[in-house]
Amino acid sequence: MADGWSGDDERDEPGLVPLYVLVHGRTRPRNSNLDLATQVIALPADISRLEPEYADIVNQCASWMSIAEIGAYLRRPLTIVKVMVDVLVEQRFLKIGSPAQQQVADLRLMETVLAGLQRL
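Residue numbers for the sequence shown follow my numbering, beginning at -17 and rising by one.
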C-alpha cells in the first residue's frame, strides 16, 4: 500500500518531543492546589536554556493567565500544561497568584477614591 503510513505512531516531524518526556513521566503536579483556574505570571528570568515548549509557556505569561488559557493558546493537553506550569513554578520562572495581587500603581489615587466613597 502506498498510503504513506510508516507503521509507527510517532510523527515524522523533526523537533517534536513526546509530551510525557517533557514532564519526565509525571502525571500530576506536585502542588495539589493547582487547578485550571490558577493564575500565573512570568518572573524575570533567562529562559534561553528552557526547552522550547517550556519557553512558550513563560512567553505566554507576560501578564496574568490561567492554566486553562495557557493550554488553549498553546493547544496542549491541560493535564500536561498543569504539570509543566508546576515545573516552571518550582524552577521560579512563573509565580502563582492573581491579578488582584499586583501592586497599586498610584496609592494616592486609591486613597482619594476611598475618601470619596466614605463621604457617600
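From the three backbone atoms N, C-alpha and C, an ideal C-beta is built for every residue, glycine too.
Computed from a predicted model, the values in this text were never measured in an experiment.
Which residue comes first and which comes last in the beta strand (DSSP E) that contains Ile52? Per DSSP, Ile52 belongs to no beta strand (DSSP E); it is in the alpha helix (DSSP H), 49 to 56.
Count the other CB atoms within 10 Å of the CB of Thr20; is the residue buried (16 or more) or exposed (fewer)? Flag for Thr20 reads buried.
Look up Gln21 in the DSSP assignment and say whether it is helix, strand or coil. Here Gln21 sits in strand by DSSP.
Do Cys43 and Val71 have their C-beta atoms closer together than 7 Å? No, Cβ-Cβ distance for Cys43 and Val71 is not below 7 Å.
On a Cα-Cα basis, can you pick out the residue from Met66, Ala97, Ile29 that is closest to Asp17? The option with the nearest alpha carbon to Asp17 is Met66.
So, Ala54 versus Val40, is the Cβ gap smaller than 7 Å? Between Ala54 and Val40, the C-beta gap is not smaller than 7 Å, which leaves the two residues out of contact.
Answer yes or no: do Lys64 and Ile78 have a C-beta to C-beta separation smaller than 7 Å? Taking 7 Å as the Cβ cut-off, Lys64 and Ile78 do not qualify as a contacting pair.
Tell me the DSSP secondary structure of Leu102 in three-state form. It is coil, neither helix nor strand.
Going by DSSP, what residue range makes up the alpha helix (DSSP H) through Ile62? Counting along the chain, the unbroken alpha helix (DSSP H) around Ile62 starts and ends at 60 to 72.
In terms of DSSP beta bridges, what is Leu76 paired with? Residue pairing for Leu76: DSSP places it in a beta bridge opposite Ala24.
Please report the distance separating the alpha-carbon of Pro34 from that of Arg90. Looking at the two C-alpha atoms, the distance is approximately 42 Å.
Residue from Phe75, Met47, Tyr36, Leu76 whose Cα sits closest to the Cα of Ile62: That would be Tyr36, whose Cα lies nearest to the Cα of Ile62.
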